[in-house]
Amino acid sequence: MRASAALALGLCLSAIIPVQASEPAFGREVVPLLYKLGCSGGQCHGAFAGRGNFRLSLFASDPEADIKEVIGPLGRRVNPQRPDDSLLLLKPTGRVPHGGGVRLLPHSDEYRLLREWIAAGAPFDPAMEVKVRSIRFEPPSVVVSVGDEPVSVRVVAHLADGRELDVTRLARFEAYDPSIATVSATGQIRAERDGDASVLAHYAGEIAYTLVLVPRHSTDGLVFPDEPLTDPIDRMIVDKLRKLNVVPSGLCSDAEFLRRAWLDITGQLPPPHDVRRFLADTSPDKRSRKIDELLQHPLHAAVWATKLCDITGADNRVMYDKAVCEFHDWYRNKLERNVPWDEIVKGVIGATTADYRSIDELRAEEARIQEERKRQAAAKKTGTEAKPEKDMQFPDDAVYREPWRHGYGTRNTLDTFFLNNKFRVQAGPDKGKFDPKQAALHVATAFLGVRLDCAECHKHPHDRWTQADFFGFAAAFSYLGRGVDPALRAQNIQHVNGIYPTTVPVITFLDPKTGEPVPPKILGSATIEVKAGVDPRLEVWRWMVSRDNPYFARAIVNRVWAHYFGRGLVDPVDALSFANPPSHPDVLDDLVRDFIEHRYDLRHLHRRILNTRAYQRSWQTNVTNAKDERNLSRRTLRRLSAEQVLDALAQATGTPIDLKPVYSGDPNRKFNRSVEFPLSRPGGADAYVLKIFDKPQRTQSCDCERAVTPNLSQALYFYNDAALIERITHPEGRLAKLLAEISDDDRLLEELYLATLSRLPSEAERKRSIEHLKSAQSRAEGFEDLFWSLLNRREFLVNH
Amino acid sequence: MAYPRGCAGFTRRDVLRLGAVGLSALTLPLALKAEATKRRQARAKNVIFIWQQGGPPHQDMWDMKPEAPQEYRGEFRPIQTDLPGYTVCELMPRLARQVRRLCIIRGVNHHIPDHNPASMYMLGSGNPPSQSLKYPTWSSVVKKEVPEVPGLPTAVAIPTEPSEGPGAGFLGSAWQSFAVQGDPVNKDFGVRSLALPPGINAERFERRRRLLQETETSFDRLVERPDLLKSIDKNYQDAHQMILSPRTQKAFQIGEESDGVRDRYGRTKLGQRLLLARRLIEAGVRFVTISEPVGWDTHADNFKRLRDNLPVVDQAVSALLDDLAERGLLSETLVMMFGEFGRTPAINKQAGRDHWAQAMSIMLAGGGVPAGLVYGETDKNGAYVVDKSHTPADFACTIYTLLGIDPNKHYLTPAGQPVPIVGGGKPIEAITGA
């Protein structure tokens, strides 16, 4: 109707002014131009309710909606007879007062374009306009130095009919980091300081970027080291550094490597004996052997189970403690067995309570349960103690020591994921119902690295996602029943109570524009036809694992990378989008290809990254790379994570940690390290440590919840907390034992250095320490204070 | 053009232009003091900032629209205040009697109806959120600008700095507020790690400090000491001084307040947080940030939730203002209360209101702001500002001007870029008094 109105208007006007052959196209020229001029920004007419009764689609994403607005009621904004008197030109030129100020100069090219379009009768026929397929930058990357003349770039649009068009003058440019490189409205890129950043172009809803490298003036006389770069990704990284004149740091020492690898892979400090052994080992492949060994360490799976719990919302404020433990156990079980990543994710997003079991298996299980009930009833009648038979699933205490290897952890699917109370409608007529939108947001962030939150209310400002995309994706998670599956109940199977796939949606979403129900869709793509036997969630999964999926493999590869380097190749890690280009596209592509070729083998991915030169570089800097944050020329110092801090304290002092469930939970469950503690909000005396070191509470489905910045509470805790002194002086702690066992001060000193800083003391450190010991009131006091000073060293708190 | 990218982890975090200071480098306060002598005439000396995370509904609090259509106006009736012609929500009867002390700004608005970036905006000193830089929050700027008193934290957050804001931003986390962590409403409230542990006397404390200081050389081979280490260094200096200050320790002991005073504020989380804030200001703390214990993101059950929340705010804030006034602190202490945006005029299907950035209400009191001023106006539905529209930057310039801090002063980012405290914006003269 909208189009026909416009058409009718166009026809009636064209009777007055003949349509020119080369008139500007509305969708391809006028709308992008309005965006470029800033008219359709969120603070102006692109705002949800528009401005001054003039509303444009945010970021010029919807020309069919915009045409009506641009022409205005009764055509009041355009005047084809006297184009210069059109409101559309009077306002932005400031000839009529305009809240947005002067945006357009008369006689400019932009003015001329708008004027020509108006003069042509303000035409728009969506059917006739050739759609834009994609846009690209020419050249795809730019090297420009500070002080150079600006470099011109072009933006080329690829049209649906195969033609290519230079759209530079219509594209809107954006500098990703204007402190490094700025861009003018006409595509002139100027270097501001050393570094690299991207410049983005937006045009007709498409986004492209060009990488801008601003090299240092020179390497300041430093030469690039002649070093073995066996992995191609190391060569790619060094190639970029050469372009930037940034000289990388050398290889880290063995002791540094060992501490780093232990912390990064298992979350723990290396045990002192392992440091001594590793330093004494002279074989050339000892580092890669150590990597293999640590990847098999039981806590490696725990580190990643905790991370996956963080990003999939396992918060024990909105779920039972038990349910959060199930999350952790399930992930840890899969990770320990190195189940391929695609299978793990299938088990999450396609979870059912029946857990892929056959009807016969379920029937047998039901029979067992009924049998047990009868037995208990009989026991009650005879007055004997109705002691439950030892749980069949849990044969011995192993379940408490290694809960993830038993019970829930062994299931195929994580149905608890969908039973999260956060995934419920909070109020209104649907209150309490399962909320597919929340589930969809979590799935997108955790497994695709895509944030759809913005698209819930409007088109995503920096990505391709529209509201329709979001609702279609959410609808794919709407076909879930809660309770006992009627199909199973009909077969007398009552015990499978949880979630099951249905063909009736829990909630139907309506397209905000058309008011029509939105069918389930693959994100931004095909519609899923729902029928018996088709679970739309599994259709989403099939799309995820299709070879060309641009998100699924990249998201996890990037996350694993970020885990080892402190920042992702795409950073932040949950912002994979066209508008957020990677620092090293070639490295990311290579890793992704390799990961898929190895059938989503996570351990292979970890191993490859850990064996790179880039991972094993020293933290020691030189003048060229002291400021480098993005280009992997050195190890970046990082504060230990909350769990690492607590575990390192417990490990170094040889004392237990005190974390407990808060709301409920199994008191018999054993765990030794905070990294294997499943809950986001623990109780117990050491919960304070996790809190001040910013363990995420998993309130938001966002990686940003985990902070690793220092604060004053942390310093006070290490510097002066009674609990820390208690750990040092614990009667069964490391120091008490060492004092009893080792009479040689020098030897004891070494042990304390190994237990805290994972290295032997330097000569200067030895000398100063012995001096201190001499001045102390007693041997014990002297070592207590020495121990205290080691725990308070920056080197202890930092993963370097 | 810099648009928000959700809760993106912005890269450059920290900077400390102090050089590599060890524990002994306690000349820092002097350096800052010298800088402070250049400060402009300040009307407000201290700030108590109540952050209403989630976006409080302006039209159900300070900007009532009883004439709006039913689908907009909400359940609450306006009540007359002590300022003739001005009404507020019936759930705030105590504050209604104190409007002559308040300055209500109804014209600040922006365009980001999204929690994380909008919080960056309203907490980040009115600078629009940026993908490459996090701007320092209010308390960090004040901490940087006012002279430090050794042993006394300049800025304190109760219980913690709002996590959705930028924190100290590019200044580095050493300029963050000191977080008390616990909640003063709890019986066992106390700030941990301040008192010397049993068995550690002053002499031993000093001996082991010297040992630490003289062996702290591990990262000396760095060409440039990164912000991470500089921030840790600064935190250690501050911690050391606080441990040695009995005055600071006493300030946190809320139990010293009488039952009568504690009851007056209300035995609620907010009430006791505000009471602790008053104690801290009295002890010399310059900026206290209170995170509201309840969220204001009332997409559902807006009115039911306000019936719970507003009386708590009413009692606690009115008690604070009275108490400050009685102690002669109100004239030099600026109290400010706001969230990241307002809420939609239309009431949704869940009896809630959604995000709305085009209008919001800000409450100010004390600290030299004109008392009894209701500044700015929204249209009949509370949707758009029709009079005295201001940007968050204007608001930030206003606040910093009241504090005697030049909003145009530049800081250097870690990359060496000079960046003003507030980018753009002008102080609102009706409030700063030109």
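Here the protein sequences line up with chains A and B, keeping their order. Here the numbering used here is used: the first residue of the first sequence is 793, the next is one more, and so on. Here the numbering used here is used: the first residue of the second sequence is 606, the next is one more, and so on. Ideal Cβ positions, reconstructed from N, Cα and C, are used throughout, including at glycine. Note that the coordinates shown come from a computational prediction; the quantities given were computed from them, not determined experimentally.
In this structure the region 1151-1160 of chain A does not touch the region 1116-1133 of chain A; the number of beta carbon pairs closer than 8 Å is below three. Any Cβ of chain B closer than 8 Å to the Cβ of TYR1509(A) would place that residue at the interface, and such an atom is present.
Ranked by Cα distance from TYR1509(A), the first of THR759(B), ARG702(B), MET725(B), ILE837(B) is ILE837(B). Taking all protein chains shown into account, PRO1221(A) has fewer than 16 neighbouring C-beta atoms within 10 Å of its C-beta and is therefore exposed. Under the three-state reduction of DSSP, HIS663(B) is assigned to helix. Neighbours of PRO1221(A) across chain B, judged by C-beta separation under 7 Å: LYS954. If only uninterrupted alpha helix (DSSP H) runs of at least 4 residues are considered, those enclosed by the region 849-898 of chain A are 855-863, 879-882.
Contact of ILE805(B) with chain A is assigned, a C-beta pair being separated by under 8 Å. For the set PRO689(B), LEU935(B), ARG678(B), the Cα lying nearest the Cα of GLU887(B) is the one of LEU935(B). The region 911-953 of chain B contains, as complete beta strand (DSSP E) runs of 3+ residues, the segments 938-943 (chain order). Around the Cβ of PHE851(A), a 10 Å sphere holds 16 or more other Cβ atoms; the residue is buried.
Excluding the 5 residues flanking it on each side, ASP928(B) has same chain C-beta neighbours closer than 7 Å at ARG883, in chain order. Distance between GLN877(B) and GLY871(B), taken at the CA atoms: about 7 Å. Linking LEU1397(A) to LEU1380(A) through their CA atoms gives a straight-line distance of about 12 Å. Note on geometry: alpha-carbon atoms of LYS1323(A) and LEU1471(A) lie some 38 Å from one another.
For PRO1502(A), the C-beta contacts it makes with chain B under 8 Å involve SER778, ALA779, LEU833, SER836, ILE837, ASN840, in order along the chain.
Ranked by Cα distance from SER849(A), the options PRO875(A), LEU866(A), GLY819(A), SER878(A) are led by GLY819(A).
Neighbours of GLU1557(A) in chain B, taken as residues at a C-beta separation under 7 Å, are given in chain order as THR820.
Taking 8 Å as the cut-off, the Cβ atoms of GLU908(A) and GLU984(A) do not count as close. If you draw a straight line from the Cα of VAL945(A) to the Cα of HIS1390(A), it comes to about 39 Å.
Under the three-state reduction of DSSP output, GLY1475(A) falls in the strand class. ARG904(A) has its alpha-carbon roughly 41 Å from the corresponding atom of GLY729(B). By the criterion of at least three beta-carbon pairs nearer than 8 Å, the region 964-972 of chain B is not in contact with the region 675-684 of chain B. Under the criterion of beta carbons closer than 8 Å, LEU957(A) and ALA963(A) do not qualify as touching, at roughly 11 Å. Bridge partners of SER990(A) according to DSSP: LEU1003(A). In this structure, the CA atom of PRO855(A) is about 6 Å from the CA atom of VAL823(A). Interface flag for ASP1577(A) against chain B is set, since a Cβ pair is found closer than 8 Å. At a cut-off of 8 Å between beta-carbon atoms, GLU829(B) makes contact with chain A.
Just so you know, the alpha carbons of GLU1576(A) and GLN1569(A) end up roughly 11 Å apart.
Look at VAL1415(A): its C-beta is under 8 Å from a C-beta on chain B.
The DSSP-derived three-state label of CYS1496(A) is helix. Put simply, of GLU821(A), PRO1553(A), LEU1582(A), LYS1559(A) the residue whose alpha carbon is nearest the alpha carbon of LEU1527(A) is LEU1582(A). Between the alpha carbons of PHE1269(A) and ALA1232(A) lies a distance of about 7 Å. When the alpha-carbon of HIS904(B) is set against those of GLY1358(A), GLU1321(A), ALA1219(A), the nearest one is in ALA1219(A).
For the C-beta of SER1505(A), the chain B residues within less than 8 Å are, from N- to C-terminus, PHE783, ALA784, GLN786, ARG797, SER798. Across the set ALA993(A), PRO918(A), GLY913(A), the C-alpha of ALA993(A) shows the shortest separation from the C-alpha of PRO932(A).
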